[in-house]
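Structure first, then comments.
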Amino acid sequence: EIRLSVGKVADKIDQIAAKMEELQKQNSTQSLLPGISSVTMETTMIMTNIQRIIQENERLKQEVFEKSSRIEEQNEKISELIQRNQRYVEQSNLLMEQRNNSLQMNTEHSQARVLHAEQEKVKVAEELAAATAQISQLQLELTSHQKKE
């Protein structure tokens, strides 16, 4: 937008410069004619306008420079925020990885305990079955002894 404005101002300056050259050519060919004072007055107005346009152009250049500086500052802040965000993302990923590792270790530990408990249950069930069989055998022997007596 600013560049477009600066371009327009430059075009106006070129137009005025072309007009000045044209007027100077006319003035040199008609230097002895009676409308010279009006041409001189018009030339003075054109010079005043050129000076005004040049000042406006300088002001616009200064504005462009200031806005470019602000844009650069904002770009630096954005870059800084992106870097900070990247660090936070990396830190978050690291923490999530540690959490996942911890959960995996806890799961493995729990599975090992469950497996051990199931093995212990099977062992106790076998012992119970053996003890029950022994009790049954002893009861049969007892019953058999009682019948003999």
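Residues 1 to 149 (UniProt numbering) are what the sequence shown spells out, left to right. Built from N, CA and C at the ideal position, the CB exists for glycine as well.
Requested in this report: Output the residue ranges of the beta strand (DSSP E) runs that lie fully inside the UniProt domain "FK506-binding protein 15-like" (40-149) and measure 3 residues or longer, sorted by chain position.
Outcome: none
Query raised in the report: Cα-Cα, which of Ala-10, Glu-97, Lys-77, Glu-21 is closest to Ile-54?
Result: Locating residue 54 in the sequence shown gives position 54, where the first residue counts as 1. Taking only the C-alpha atoms, the option nearest Ile-54 is Ala-10.
Query raised in the report: Sorted by chain position, which residues of the same chain lie with C-beta nearer than 8 Å to Gln-6's C-beta, five sequence neighbours on each side aside?
Result: Numbered from 1 along the sequence shown, position 6 holds the residue referred to as residue 6. According to the sequence shown, residue 6 is Val rather than Gln. So the qualifying residues of the chain are Asn-57, Leu-60, Lys-61, Val-64.
Query raised in the report: Taking contact to mean at least 3 C-beta pairs separated by less than 8 Å, is the stretch 67-87 in contact with the stretch 41-48?
Result: no
Query raised in the report: Is the beta carbon of Ile-2 sitting closer than 7 Å to the one on Ile-50?
Result: Reading the sequence shown from its first residue, position 2 is the one you call residue 2. Reading the sequence shown from its first residue, position 50 is the one you call residue 50. Their beta carbons are not under 7 Å apart, which means Ile-2 does not touch Ile-50 by this criterion.
Requested in this report: Helix, strand or coil for Glu-21, going by three-state DSSP, please let me know.
Outcome: Walking along the sequence shown from the start, residue 21 turns up at place 21. Glu-21: helix per DSSP, three-state reduction.
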